[in-house]
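**Q** In my numbering, the protein residues as written are 76 to 394. We treat Cβ as the ideally placed atom computed from N, Cα and C, and that holds for glycine. In this text the structure is predicted, and so the values were computed from the model without any measurement.
Encoded structure:
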């Protein structure tokens, strides 16, 4: 079958388009999907170079999410252990979700991983309270576009979007951000405080790492929470001392969706129901960005790494 195969770790150049990948076989508690759309995430670029939280082994077919049809005709979206960049993939039944007719493939992909991440960042990790200010880094990305909308819906006081271009900042404002800040500004900590009316911020959703994390922590208010869920810059932030957090009454919280996947009935079913319902009703807008042929997966990774994409990026296995 057609698929993307990785036989050595590295950058986008290691993604090989092949037509002789072995067909996957579903085991107990699993289901085989005829894939109609495969999600492409920034985390996939880390997996390709083996710099992600979970180490990979070779050879591998990447891809952590897919929309497809089951042998009994159900249209579902699924979180995968891998193998999504292919014509067919195997998913655990517990991690598949029936897609409403009102939700298209790209929207379903946007919700199942990035949407549930945004949901948990705000509700589970940050425990957002009405009236609190929220900073969303990478606000035009898959998680960021949904986090801006959910924060607005759930009563955030002031939403500060951070993005790398004026086009992306305008998108964030359209989605509900009160103000947008240039990610490349010289003094990011001051820019975040200025964007919040001169006050320190209550919640920061951070996935860049390095100086961006440091500046975000410097802008955090007492009792503020910084939720760290990625390191796109591939640069670690300055280590945080517990005593320093105590002196400022602040919290730094990590989040990885893999832990929610271990208990899907409790930690994924509710977010998916809410996200699907909001989308079907037109109250939530999953932003579907670029669609690439499966054979162009390497270009999709280049564009993700160069910040040339917005919203959800996905691959078409039929191309």
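1. Using a threshold of 8 Å, state whether the C-beta atoms of residue 339 and residue 195 are closer than that.
2. Looking at the structure shown, is residue 351 part of a helix, part of a strand, or coil, going by DSSP?
3. Note down, in chain order, each residue of its chain lying with its Cβ closer than 7 Å to the Cβ of residue 109, except the 5 sequence neighbours on either side.
4. When the Cα of residue 296 is compared with those of 151, 304, 273, which residue comes out closest?
5. Per DSSP, what kind of secondary structure is residue 139 in: helix, strand or coil?
6. If you measure between the beta carbons of residue 398 and residue 153, is that distance less than 8 Å?
7. Residues in the same chain with beta-carbon distance under 6 Å from residue 180, minus the five sequence neighbours each way, listed in chain order, please.
8. From residue 293 to residue 327, what does the alpha carbon distance come to, in whole angstroms?
9. Are the CB atoms of residue 177 and residue 355 nearer to each other than 8 Å?
10. In whole angstroms, give me the CA-to-CA distance for residue 237 and residue 169.
11. Helix, strand or coil for residue 325? Go by DSSP, reduced to three states.
12. For residue 89, which residues from the same chain have a beta carbon less than 7 Å from its beta carbon, with the 5 sequence-adjacent residues on both sides left out?
13. How close, in whole Å, do the beta carbons of residue 235 and residue 280 come, if the pair is a contact with beta carbons under 8 Å?
14. Which residue from 156, 150, 243, 146 puts its Cα closest to that of residue 132?
**A** According to the data block:
1. To locate residue 339, count along the chain shown from 1; it is residue 264. To locate residue 195, count along the chain shown from 1; it is residue 120. Contact: no.
2. For the purposes of this step, residue 351 is identified with residue 276 of the chain shown, where counting begins at 1. It is helical.
3. The residue given as residue 109 occupies position 34 in the chain shown. The residues are 143, 144, 163.
4. As a working mapping, residue 296 is identified with position 221 in the chain shown. Of the listed residues, the one whose Cα sits closest to residue 296 is 273.
5. Taking the first residue of the chain shown as position 1, residue 139 is located at position 64. If DSSP states are grouped into helix, strand and coil, residue 139 belongs with coil.
6. With the chain running from 76 to 394 in the structure shown, residue 398 is simply not present.
7. Indexing the chain shown from 1 puts residue 180 at position 105. Same-chain partners within the cutoff: 111, 112, 142.
8. Here residue 293 refers to the residue found at position 218 of the chain shown. Here residue 327 refers to the residue found at position 252 of the chain shown. Using only the alpha carbons, I get a separation of about 12 Å.
9. Along the chain shown, read from residue 1 onward, the residue named residue 177 stands at position 102. Along the chain shown, read from residue 1 onward, the residue named residue 355 stands at position 280. Their beta carbons are under 8 Å apart, which means residue 177 touches residue 355 by this criterion.
10. On the chain shown, residue 237 is found 162 positions in, with the first residue counted as 1. On the chain shown, residue 169 is found 94 positions in, with the first residue counted as 1. Near 35 Å, if we compare the C-alpha coordinates of residue 169 and residue 237.
11. As a first step, residue 325 must be located in the chain shown, where it is residue number 250. DSSP places residue 325 in coil when its eight states are reduced to three.
12. In the chain shown, the residue the question calls residue 89 occupies position 14. Cβ within range, chain order: 81, 83, 123.
13. Your numbering for residue 235 matches position 160 in the chain shown. Your numbering for residue 280 matches position 205 in the chain shown. Contact flag wrong, Cβ pair sits at about 10 Å.
14. Residue mapping note: residue 132 aligns to position 57 of the chain shown, counting from 1. When each option's Cα is compared against that of residue 132, the closest is 156.
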